[in-house]
Amino acid sequence: MDAKEIFNKALSTNYLIIEESDLKTVLENSEIIRNEDTHLSDFIRVIKYNDNLFVQETTFKNEILIRKMDSMKDVDFFVKERLDFYERKWDGCGCKIDYDE
884 MDAKEIFNKA LSTNYLIIEE SDLKTVLENS EIIRNEDTHL SDFIRVIKYN DNLFVQETTF
944 KNEILIRKMD SMKDVDFFVK ERLDFYERKW DGCGCKIDYD E
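Our numbering puts the first residue of the sequence shown at 884, with every later residue one more than the last.
Right, here's the structure in full:
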């Protein structure tokens with residue numbers, strides 16, 4: 884898929900699962916605003932494409948997700964929540980991310 888097709892699909896769903904080869908296309912054709920290393924499950928990236936904000940993350944099943952975000956405030960909340968989860972994971976809390984939310 885090309886970048887336009889990927890991002891258009893991501894706009895119309897809660898999240899979009901893409902292939903690793905598509906991730907390269909996404910990253911080459913967008914602006915990476917923020918890049919956070921989870922130290923457990925790759926990076927959480929905040930991406931801007933055609934004035935739309937997206938978050939890209941990788942699940943523990945190695946699924947690469949792209950999720951449309953409505954505002955930078957939503958992005959900040961989402962990324963903080965994820966990073967807090969990964970921090971708790973180091974303590975062995977046994978908690979799990981619900982990637983559908």
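Just so you know, even glycine gets a beta-carbon here, dropped at the ideal spot from N, CA and C. Predicted model only: the values in this text are computed from it and were never measured.
Looking only at C-alpha atoms, which of K963, M955, D957, I947 sits nearest to T908?
Looking up residue 908 in the sequence shown gives position 25. When only C-alpha atoms are compared, the closest one is I947.
Quickly, what does DSSP pair D920 with across the bridge? List them, please.
Within the sequence shown, residue 920 is the residue found at index 37, counting from 1. In the DSSP output, where bridge partners are listed per residue, D920 has F926.
Euclidean distance between Cα positions of T941 and H922:
Within the sequence shown, numbered from 1, the residue matching residue 941 stands at position 58. Within the sequence shown, numbered from 1, the residue matching residue 922 stands at position 39. Whole-angstrom Cα-Cα distance: 12 Å.
Beta carbon of R950, beta carbon of Y898: below 7 Å?
Translated into the one-based positions of the sequence shown, residue 950 becomes position 67. Translated into the one-based positions of the sequence shown, residue 898 becomes position 15. The beta carbons of R950 and Y898 sit closer together than 7 Å.
N- and C-terminal bounds of the alpha helix (DSSP H) containing N891:
What you label residue 891 is simply residue 8 of the sequence shown in a count that begins at 1. Where N891 is concerned, the enclosing alpha helix (DSSP H) stretches over 886-894.
Taking just the CA atoms, how far does V958 sit from F968?
One-based indexing of the sequence shown puts residue 968 at position 85. One-based indexing of the sequence shown puts residue 958 at position 75. Rounded to the nearest angstrom, the two C-alpha atoms are 15 Å apart.
Can you tell me the Cα-Cα spacing of K944 and D934, whole angstroms?
Translated into the one-based positions of the sequence shown, residue 944 becomes position 61. Translated into the one-based positions of the sequence shown, residue 934 becomes position 51. Each residue's Cα considered, the two are about 30 Å apart.
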